[in-house]
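Structure first, commentary second.
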Amino acid sequence: MHELSVCMSLLEQVERIAREHGAERVERILLRIGPLSGVEAALLANAYPLAAAGSIAEHARLDIEPAPVRVHCIDCGQESEASPNRLLCLHCGSYHTKLSSGDEMLLASLEMSIPEEPSETQEPPAAPSSP
């Protein structure tokens with residue numbers, strides 16, 4: 283199951299981003315996966331708890347949205363949605379198209395818990411008194 287290795291790579295990226303922002307934990311991960319990406323969303327969701335165990339994203343909710351298949355028509359220049367098994371232009375019906383989306387797995391967003399920094403208007407803690 284290559285979805286486990288995909289999860290591991292995803293979590294490396296998530297942990298790097300979380301560290302860059304000083305996050306305590308990751309609350310939610312939003313992925314967009316196209317039907318031509320070669321990644322099965324259900325298998326990825328099943329592999330996620332195993333891959334995330336012990337990580338900053340261990341308890342994060344993994345949400346997966348489908349990404350649409352879109353093509354750019356070489357004949358008429360228009361862009362349109364297409365079905366994964368029929369990459370035809372919806373405007374002119376041409377089969378001379380170039381895939382513009384639908385084959386990606388994209389980390390769309392992260393929700394993280396970042397500790398608040400003390401406000402500058404707050405007074406510093408009192409120094410301990412000497413005996």
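Just so you know, the numbering used here puts 327 at position 45 of the sequence shown, and the rest follows in order with no gaps. Backbone N, C-alpha and C fix where the C-beta goes; we use that ideal spot for every residue, glycine too. Since this is a predicted model, take the numbers as computed values, not measurements.
Note that the C-beta distance between L326 and E294 is not below 7 Å. Within the DSSP bridge table, the entry for S287 names no partner. One Cα belongs to S337, the other to E297, and the distance between them is close to 8 Å. In this structure, the beta-carbon distance from D345 to L312 falls below 7 Å. Going by C-alpha positions, Y377 is about 46 Å away from R301. Beta-bridge pairing by DSSP links R352 to E363 and S383. Under the criterion of beta carbons closer than 8 Å, A349 and G320 do not qualify as touching, at roughly 13 Å. For L312, the enclosing beta strand (DSSP E) stretches over residues R307 to I315. Around A333, the same chain offers L286, C289, M290 and L293 as residues with beta carbons nearer than 7 Å, after the five sequence neighbours per side are excluded. Listed as beta-bridge partners of I346 by DSSP are L313.
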